[in-house]
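Working notes, structure below.
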Amino acid sequence: MKKLFIAFVSITVVLSSCFSQKGNYKSINQNDSPYLVILSLDGFRWDYPDSVATPNLDKIAQQGVRAKSMQASFPTKTFPNHYTIATGLYPSNNGLVNNSFVDERGLMYSMGNRKAVEDQKFYLGEPIWNTAEKQGVKAATFFWVGSEAPIQNIRPSYWKKYEHDFPFEQRIDTVIAWLELPIEKRPHLILWYMHEPDGVGHSFGPFAKESNQEIHYLDSLVGVFMNKLSRLSIGKNVNVIVLSDHGMGNISNEKQVFLNKILKPEWTSTIVGGNPFYNIKTTTGNEDSVLYVLNNTKGVTAYKTTQVPERLHYKSTLR
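Listed below in structure tokens is the structure:
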């Protein structure tokens, strides 16, 4: 996904250059200006289409382009990477350093905490929907990380509060309905999200029967969406990017590590995160003990924040 991400950044630049003249969006022929729709399929491994029948994704690749793979940001978690896609910033710079973390105010952020998710102070940088709105381009988001908070006191013209069980088919209908709005109300940037095949991947592993069935189902939904899109009068002006936030790997029960069994309770004050990545705050005088035990546990690597490898881009945060 290096190429795909570069393509996305390039599109961001194009949007900026096209609509930045005095912020005067109305001076452009709105009927001719392009649309960008970005769909994220959570936990969709880059090589699923090589092993599972995905005729609709294959068709998109044949008609457009396909990246060889995706290089996720560190940590390879849902919230940090979705916000990285939206901002172009590494997680250490965009504020979402993990799916759950404690910020410099001492406040806890977690995916299921409604108050935290809607607190703009957790989010740093500028998401692309803000850039668009500032320049007079209407944006819409459907369950995209960060879009439920008024970042910089701005919201997309259309956005949805997350409902995990909201049917995928209705998400498609909503996106199509946005594209059918009158030109003066129609968004030209749409980011939307489906939480599978991440769920089945975590439960059964990649390439399990259940995962393969879900991938095939998601591909059929992509086909439904593209078919409905083709029927719109503006269909040919819509650019579609299908991507993911991270992949999915097999794990073994024989390789499980339980932190609460190898770390003494008095050594730590906070442990936040989830497989395969945790942030640990040690109690006074116990940092070396925690590092020693973790780095002498097979399959585990631990770093002081100041000693995280440069390639992970994870040093520049107090979170």
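Remember, this note's numbering sits 97 above the position in the sequence shown when you count from 1. No residue lacks a Cβ here, since even glycine has one placed at the ideal position from N, Cα and C.
Would residue i be called buried (16 or more neighbouring beta carbons within 10 Å of its own) or exposed?
| i | result |
| --- | --- |
| L286 | buried |
| A229 | buried |
| G120 | Reliability of the predicted coordinates at G120 is poor, the pLDDT of 42 falling under 50, and no value is obtained from them. |
| P362 | exposed |
| G192 | buried |
| I280 | exposed |
| A150 | exposed |
| S308 | buried |
| T184 | buried |
| Y314 | exposed |
| T381 | exposed |
| D258 | Checking the sequence shown, residue 258 turns out to be Lys, not Asp. The residue is exposed, with fewer than 16 neighbouring Cβ atoms inside 10 Å. |
| H179 | buried |
| P303 | buried |
| G298 | buried |
| P253 | buried |
In angstroms with no decimal places, state the Cα-to-Cα distance between residue i and residue j.
| i | j | result |
| --- | --- | --- |
| T181 | G243 | 10 Å |
| F240 | W289 | 6 Å |
| W256 | Y220 | 17 Å |
| Y400 | N196 | 19 Å |
| N372 | L329 | 42 Å |
| A164 | A158 | 9 Å |
| R142 | E223 | 27 Å |
| G203 | K378 | 12 Å |
| D216 | G344 | 28 Å |
| I248 | R211 | 15 Å |
| I125 | I331 | Low per-residue confidence applies at I125: pLDDT is 43, beneath 50, and the placement is therefore not dependable enough to give any value. |
| G161 | Y389 | 50 Å |
| S327 | T238 | 21 Å |
| E293 | S300 | 11 Å |
| M455 | N324 | The question about residue 455 has no answer here: the residues shown for the chain are numbered 98 through 416. |
| W226 | Y375 | 30 Å |
| S366 | S189 | 22 Å |
| S130 | Y145 | 34 Å |
| K358 | L391 | 11 Å |
| L409 | W275 | 38 Å |
| Y411 | A213 | 22 Å |
| E177 | Y187 | Note that residue 177 is Pro in the sequence shown, not Glu. Cα to Cα, P177 sits roughly 8 Å from Y187. |
| I312 | P152 | 11 Å |
Please confirm whether residue i and residue j have their CB atoms less than 9 Å apart.
| i | j | result |
| --- | --- | --- |
| I269 | V321 | yes |
| L360 | V387 | yes |
| L318 | F265 | yes |
| G140 | D385 | no |
| V234 | V134 | no |
| F198 | G370 | yes |
- Pick out the complete beta strand (DSSP E) segments inside the segment 268-338, 3 residues or longer, and give them in chain order. 286-291
- Tell me, please, whether the segment 344-362 touches the segment 392-407 by the rule of three or more beta-carbon pairs shorter than 8 Å. yes
- Message: List, from N- to C-terminal side, the alpha helix (DSSP H) runs of 4 residues or more that fit wholly inside the segment 332-379.
- Response: 356-359
- Determine, using beta-carbon pairs with one atom in the segment 405-413 and one in the segment 165-176, whether at least three such pairs fall under 8 Å. yes
- Query: What residue ranges within the segment 211-279 form continuous alpha helix (DSSP H) runs of no fewer than 4 residues, ordered along the chain?
  - Reply: 211-214, 225-231 and 265-276
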